[in-house]
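S.K.:
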Amino acid sequence: ADDPATVQPSRLPPGWAAWAAQPAANAGESAAGSDTLPQASIDNASRMSNPPIYPVDVQKRGETGMVVMIVDVTVDGSVSAAKIDRSAGDQRLDASALEAVKKWKFRPAMKNGKPVVSQARVPVDFRIEEQPDAPITAR
Numbered sequence: 245a246d247d248p249a250t251v252q253p254s255r256l257p258p259g260w261a262a263w264a265a266q267p268a269a270n271a272g273e274s275a276a277g278s279d280t281l282p283q284a285s286i287d288n289a290s291r292m293s294n295p296p297i298y299p300v301d302v303q304k305r306g307e308t309g310m311v312v313m314i315v316d317v318t319v320d321g322s323v324s325a326a327k328i329d330r331s332a333g334d335q336r337l338d339a340s341a342l343e344a345v346k347k348w349k350f351r352p353a354m355k356n357g358k359p360v361v362s363q364a365r366v367p368v369d370f371r372i373e374e375q376p377d378a379p380i381t382a383r
């Protein structure tokens with residue numbers, strides 16, 4: 245399991261904690277087309293240094309949801325394309341997840357010892373738990 249990274253508490257009202265959790269990436273349909281590409285994985289340091297921002301107005305209304313994205317990854321680990329595979333039901337959560345994932349680095353799949361164009365299926369779970377004085381973390 246990854247160690248949580250602390251995010252700026254000013255992004256949330258006092259007493260609220262929010263997590264954007266990205267479990268291990270799975271292969272899925274290409275964001276650019278329908279061809280299935282080899283599986284890439286998320287670079288955890290990149291993910292934790294660029295967490296999705298949970299919009300304050302969405303948090304105040306107690307809205308939660310999971311966004312699932314399909315991300316195409318270049319041989320250098322950058323994102324060449326990303327699309328929403330499953331919406332969280334709120335466009336602001338979807339947009340926040342997409343904005344964050346485009347900044348992340350990935351570990352591309354390897355073939356014959358060399359990195360190849362690949363993809364990752366990336367879920368981002370926005371959830372709120374009322375816990376006074378809880379640290380705000382991204383996992």
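The opening position of the sequence shown corresponds to residue 245 in our numbering, with each subsequent residue numbered one higher. Note that the Cβ used here is the ideal one computed from N, Cα and C, for glycine as well.
(1) Could you spell out the range, first to last residue, of the beta strand (DSSP E) harbouring Pro325?
(2) What does DSSP give as the partner residue(s) for Pro359 in the beta ladder?
(3) Please name the residue, chosen from Pro299, Val366 and Phe370, that lies closest to Trp348 on a Cα-to-Cα basis.
(4) Can you tell me whether Val319 is helix, strand or coil according to DSSP?
(5) By the DSSP assignment, the alpha helix (DSSP H) with Arg305 in it spans what residues?
(6) Taking the continuous alpha helix (DSSP H) assigned at Asp294, which residues delimit it?
(7) Which of helix, strand or coil does DSSP assign to Asp246?
(8) State the CB to CB distance for the pair Pro360 and Ala353, rounded to an integer number of angstroms; the pair is presumed to be in contact (CB under 8 Å).
(9) Is it right to say Ala289 is buried, meaning 16 or more other beta carbons lie within 10 angstroms of its own, or is it exposed?
(10) What residue from Arg336, Val315 and Val368 has the CA that sits closest to Leu281's CA?
(11) Please report the straight-line C-alpha distance between Ala382 and Ile372, rounded to a whole angstrom.
(12) Just confirm the distance between the C-beta atoms of Met310 and Asp329, as a whole number of angstroms; I'd bet it's less than 8 Å.
M.R.: Let me spell this out:
(1) Numbered from its first residue, the sequence shown carries residue 325 at position 81. According to the sequence displayed, residue 325 carries Ala and not Pro. That run of the beta strand (DSSP E) goes Val323 to Arg330.
(2) Counted from its first residue, the sequence shown places residue 359 at position 115. For Pro359, which the question treats as bridged, DSSP gives the partners Met354.
(3) Stepping through the sequence shown from its first residue, residue 348 is reached at position 104. Taking only the C-alpha atoms, the option nearest Trp348 is Val366.
(4) On the sequence shown, position 75 is the one that residue 319 refers to. The three-state secondary structure of Val319, taken from DSSP, is coil.
(5) As a working mapping, residue 305 is identified with position 61 in the sequence shown. No alpha helix (DSSP H) holds Arg305; DSSP gives it neither H nor E.
(6) Along the sequence shown, one-based indexing puts residue 294 at 50. First, the residue type needs correcting, since residue 294 is Asn and not Asp in the sequence shown. It is not in any alpha helix (DSSP H) - Asn294 carries neither H nor E in the DSSP assignment.
(7) Within the sequence shown, residue 246 is the residue found at index 2, counting from 1. Because the pLDDT of Asp246 is 39, which lies under 50, any placement of that residue in the model is unreliable, and the number read from its coordinates should be weighed accordingly. In the structure shown, Asp246 sits in coil (DSSP, three-state: anything other than H, G, I, E or B).
(8) Numbered from its first residue, the sequence shown carries residue 360 at position 116. Numbered from its first residue, the sequence shown carries residue 353 at position 109. Correcting the residue type first, residue 360 is Val in the shown sequence and not Pro. Their Cβ separation, rounded to whole angstroms, is 5 Å, which keeps Val360 and Ala353 in contact under 8 Å.
(9) Here residue 289 refers to the residue found at position 45 of the sequence shown. The residue is exposed, with fewer than 16 neighbouring Cβ atoms inside 10 Å.
(10) Translated into the one-based positions of the sequence shown, residue 281 becomes position 37. Of the listed residues, the one whose Cα sits closest to Leu281 is Val315.
(11) Stepping through the sequence shown from its first residue, residue 382 is reached at position 138. Stepping through the sequence shown from its first residue, residue 372 is reached at position 128. Low confidence applies to Ala382: its pLDDT is 42, below 50, so where it sits in the model is not reliable, and the reading given next is rough at best. One C-alpha to the other measures close to 12 Å.
(12) Sequence index remark: in the sequence shown, residue 310 carries index 66 (1-based). Sequence index remark: in the sequence shown, residue 329 carries index 85 (1-based). In fact, because the Cβ distance is near 11 Å, the residues do not count as touching under 8 Å.
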